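One structure is given below, encoded as structure tokens.
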């Protein structure tokens with residue numbers, strides 16, 4: 036049975052409303068796109084949507100109480116909430132340098148969570 | 005030190021208990037401490053001036069708008085005269101910037117002007133009405149009123165509508181910051197021995213054999229022979245507790261709008277209002293006022309409400325203010341609005357002050373129904389109440405050790421650079437500006453928390469220092485102030501409130517919050 | 004009071020605009036550059052913008068706000084620029100004299116040879132949009148909430164209603180959700196979202212947070228703490244339709260209703276301000292109406308891409324360096340006029356057509372299949388095609404001296420949008 040999925044394209048200000056038709060996971064067509072980028076985007080959103088996750092984690096002895104972190108690359112969308120929950124348990128010790136790995140291989144994605152900035156130790 | 009106000013047990017007895025720390029209660033308390041230190045002030049909210057006084061318009065009227073012969077008229081005129089003396093030593097700014105009463109075509113009722121020929125109406129408006137106003141003022145004992153011609157109006161206030169016909173200038177009218185005044189009065193009373201208890205609500209008054217015996221509160225009982233009921237909106241309830249009632253307070257809401265200081269600083273020099281003849285004026289109609297801080301203020305409205313806690317502003321009320329003053333000042337910068345506030349007046353049904361010793365409960369003194377001109381009348385109310393209290397046994401001679409001086413805390417924003425530098429040398433926290441819009445420093449915030457009447461929440465700090473009262477309304481500085489409060493009070497920042505119990509600011513710390521939900 | 008300091012350049016504000024200007028001025032030859040910042044650290048607003056989307060133009064990478072800031076902070080630290088933190092500028096005169104204050108030095112008098120203004124913006128408040136109701140705790144601006152969570156580690160509430168669908172509101176919808184709060188919905192008074200589609204998708208749709216277009220807040224309930232907000236649909240005049248009013252329970256009302264460039268100091272100095280942008284009038288070098296005072300970043304007009312903020316900052320920094328080292332006199336400037344479907348253009352004046360000029364502008368309403376053009380004396384000298392133009396997306400378009408080549412007398416420059424892609 037054919038299923039339809041709707042997405043809004045984010046690649047340019049046109050924000051085309053896309054409709055993707057698939058059956059058993061196999062994509063038949065994408066309509067509503069004005070360009071190839073849109074078609075590709077719809078397929079990606081259907082097959083393997085990914086997001087960069089950004090959040091903060093607790094810091095000990097830092098000039099600030101929390102440290103902003105990010106996944107080095109986008110991870111599967113369905114893992115975002117669990118990833119953020121896992122990171123809520125982490126406490127890092129100041130000082131921290133930007134790019135430092137805070138949590139390697141989050142949710143077994145192979146993607147590291149890294150520090151977004153330097154954070155000095157409080158004196 | 006701040007904890008004293010809440011954690012300290014109430015004294016077992018006191019010479020006089022003043023209920024209510026608004027401008028009336030604090031004026032009386034200060035006056036009392038000239039004669040005796042044995043004064044207790046009880047306030048149910050978390051700060052002084054938190055009821056009607058908080059939203060007061062800051063006008064010290066001359067008395068011209070009051071009906072002749074009423075108690076409020078007499079006390080207003082007397083109070084206005086005493087004002088300079090009243091604020092002396094308190095470190096509070098009071099200025100007689102004058103009121104320009106503008107007469108326009110709308111000044112006489114339409115049914116009058118509609119029936120008369122145009123030249124007659126013009127004559128009435130231009131020649132008769134201004135002189136009547138001056139005469140009426142003189143009869144009430146007000147000096148310094150004079151008729152102003154149309155040309156002079158525009159010279160004095162170029163933004164006034166060209167529909168203006170004539171005017172009256174009232175030079176004894178002034179302005180004072182109501183909360184700053186109240187805090188100063190309260191602190192002066194405390195300096196002179198009075199004890200102030202916040203978050204303390206009176207629940208009953210014990211009367212035995214027709215005499216006041218004690219005040220019962222949510223935190224304990226105080227034996228006392230004299231109670232001054234200055235409980236504002238709840239004065240009727242408190243009076244009933246002692247069997248000394250017989251009046252009802254019916255709240256009347258007043259809303260005002262505030263405009264950005266830079267945009268409106270020189271819009272008007274004096275206050276400006278439009279004269280409107282009404283049968284029995286319940287309200288003076290408000291006007292455009294340059295507050296002492298320099299913001300333009302428009303208002304207030306007057307709307308009867310049922311709820312003694314309804315300080316909300318509706319869309320209609322805001323529109324009404326714009327419409328009403330649009331006629332008088334057609335080009336005022338509407339878009340420069342930075343704040344709207346409203347409060348509740350506490351009038352009785354008779355629309356006059358109720359000040360007197362009760363004959364049903366000896367020792368119980370009502371100071372109720374203090375609506376406008378309550379602020380202007382404050383010195384005279386205190387004087388009148390003192391007379392009553394002397395008759396009830398309060399000593400008649402002034403104490404040797406009475407200290408009339410209450411030093412005002414330094415305000416960085418108003419000082420010259422040399423003074424600023426000296427302050428910073430004494431306390432480097434004067435060099436850290438916390439509020440960008442109003443240039444309030446960290447030291448001022450810390451001092452407010454440790455003041456003689458300490459500030460224990462965000463609004464209390466705001467009222468004392470002006471933090472959060474500027475263009476950004478606390479957007480930049482809010483969190484910093486909360487953290488200073490937390491450190492100085494020795495409590496977690498998650499327990500900081502905006503204005504007392506229930507007004508929490510933060511739901512929790514991020515990661516622990518996340519784990520809970 | 005200590006001795007007066009006399010740097011070649013004083014930069015007010017050390018966000019991306021101030022950092023960029025200070026570095027560009029140093030690279031262009033200034034040796035004595037002072038950077039004044041009121042906050043405890045450098046970076047301005049970027050340290051609290053922990054989401055990604057920054058730097059795709061300048062660094063060809065997609066970075067988070069703090070990462071973008073870190074790049075400039077590292078360079079400033081290497082560059083021997085005099086940094087004053089925790090320092091508030093109290094006043095500035097038309098003669099460029101600055102009075103500042105901090106806890107260690109007390110009052111500081113500065114007489115710089117040039118100034119770059121980079122004070123950024125503040126947020127529009129509840130009273131400026133006149134929301135009726137009570138004034139309880141729990142009414143907070145989105146940027147302030149962002150700072151609470153991402154810098155101070157504090158949650159401003161448990162159940163939020165967000166008013167305004169600009170990017171800050173959308174970003175915070177996701178942030179609140181990831182931190183365990185509930186976002187009941189986003190209410191937008193216009194009939195289209197105020198922010199990027201990317202944010203509508205990744206901040207709202209991803210989390211099933213509803214977006215209610217053509218809706219406004221009509222009353223705030225709760226005396227001590229927010230208890231609910233009344234919302235209603237609005238008509239074409241943006242006035243609430245009473246019959247549609249309904250009560251939404253929440254404990255926090257988050258406002259994302261616009262940014263206002265923070266030009267208090269500019270006003271004190273008597274710098275001419277453009278009502279359309281709420282920022283100073285500037286020329287192609289980002290110089291204001293007062294010689295030697297330049298401005299860049301959000302204090303000039305609200306940019307949406309930090310990359311453009313950086314570009315404007317580099318222009319201003321170079322301009323300041325030129326002013327100090329070469330002391331040029333400005334030619335009589337030519338006015339730049341917003342044409343068809345253009346809301347405003349920066350710069351508003353062009354003094355020297357003999358250099359590359361970057362124009363930044365916004366359209367008034369969305370339009371498909373158009374060209375944006377720059378005209379001199381009515382004739383187009385530069386043209387660019389767009390599939391779609393929308394107000395939330397600022398357009399940058401440049402000219403080169405060669406484009407003006409055959410124009411002997413430049414009297415008027417216009418920027419416009421015309422239909423048709425050919």
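Residue numbers (the working numbering), protein chains in the order written: chain Y, 36 to 158; chain R, 5 to 521; chain H, 4 to 425.
From the three backbone atoms N, C-alpha and C, an ideal C-beta is built for every residue, glycine too.
Quick caveat: nothing in here was measured; it's all calculated off a predicted structure.
Chain R within 8 Å of residue i, Cβ atoms only
| i | result |
| --- | --- |
| residue 36 of chain H | no |
| residue 150 of chain H | yes |
| residue 146 of chain H | yes |
Where residue i sits in the DSSP three-state scheme
| i | result |
| --- | --- |
| residue 284 of chain R | Because residue 284 of chain R carries a pLDDT of 43, less than 50, the predicted location of this residue cannot be relied on, and the following value inherits that uncertainty. Looking at residue 284 of chain R - three-state DSSP - the assignment turns out to be coil, as it is neither helix nor strand. |
| residue 394 of chain R | helix |
| residue 319 of chain H | helix |
| residue 439 of chain R | strand |
| residue 24 of chain R | coil |
| residue 209 of chain H | helix |
| residue 17 of chain R | strand |
| residue 245 of chain R | helix |
Short Cβ contact (8 Å threshold) for residue i with residue j
| i | j | result |
| --- | --- | --- |
| residue 14 of chain H | residue 27 of chain H | no |
| residue 293 of chain R | residue 275 of chain R | yes |
| residue 136 of chain Y | residue 105 of chain Y | no |
| residue 206 of chain R | residue 396 of chain R | no |
| residue 376 of chain H | residue 369 of chain H | no |
| residue 18 of chain H | residue 49 of chain H | yes |
| residue 435 of chain R | residue 104 of chain H | yes |
| residue 214 of chain H | residue 168 of chain H | yes |
| residue 226 of chain R | residue 18 of chain R | yes |
| residue 32 of chain R | residue 457 of chain R | no |
| residue 165 of chain H | residue 176 of chain H | yes |
| residue 92 of chain Y | residue 102 of chain Y | yes |
| residue 518 of chain R | residue 123 of chain Y | yes |
Min CB distance residue i to chain Y below 8 Å
| i | result |
| --- | --- |
| residue 307 of chain H | no |
| residue 285 of chain R | Summary for residue 285 of chain R: the model assigns pLDDT 48, below 50, so the residue's position carries little reliability; its value from the coordinates is reported in the next sentence. No, no contact with chain Y. |
| residue 18 of chain H | no |
| residue 521 of chain R | no |
| residue 54 of chain H | yes |
| residue 515 of chain R | yes |
| residue 391 of chain H | yes |
Selected residue, minimal CA-CA separation from residue i, among the options
| i | options | result |
| --- | --- | --- |
| residue 3 of chain H | H:165, H:379, H:76, H:253 | Outside the modelled stretch of chain H, which goes from 4 to 425, sits residue 3 of chain H, for which no answer is possible. |
| residue 362 of chain R | R:392, R:124, R:146, R:506 | R:392 |
| residue 125 of chain R | R:147, R:169, R:182 | R:169 |
| residue 116 of chain H | H:12, H:94, H:31 | H:12 |
| residue 361 of chain H | H:394, H:389, H:325, H:288 | H:288 |
| residue 26 of chain R | R:15, R:57, R:49 | R:57 |
| residue 348 of chain H | H:16, H:256, H:66, H:279 | H:279 |
| residue 51 of chain H | H:152, H:92, H:84, H:261 | H:152 |
| residue 94 of chain H | R:130, R:212, R:441 | R:441 |
Residue i at chain H interface by Cβ criterion, 8 Å
| i | result |
| --- | --- |
| residue 52 of chain Y | no |
| residue 139 of chain Y | no |
| residue 108 of chain Y | no |
| residue 86 of chain Y | yes |
| residue 39 of chain Y | no |
| residue 506 of chain R | yes |
Residue(s) in a DSSP beta bridge with residue i
| i | result |
| --- | --- |
| residue 488 of chain R | Paired residue(s): none; residue 488 of chain R is not in a bridge. |
| residue 144 of chain H | H:258 |
| residue 99 of chain R | R:179 |
| residue 189 of chain H | H:165, H:214 |
| residue 233 of chain R | R:23, R:370 |
| residue 224 of chain H | H:231 |
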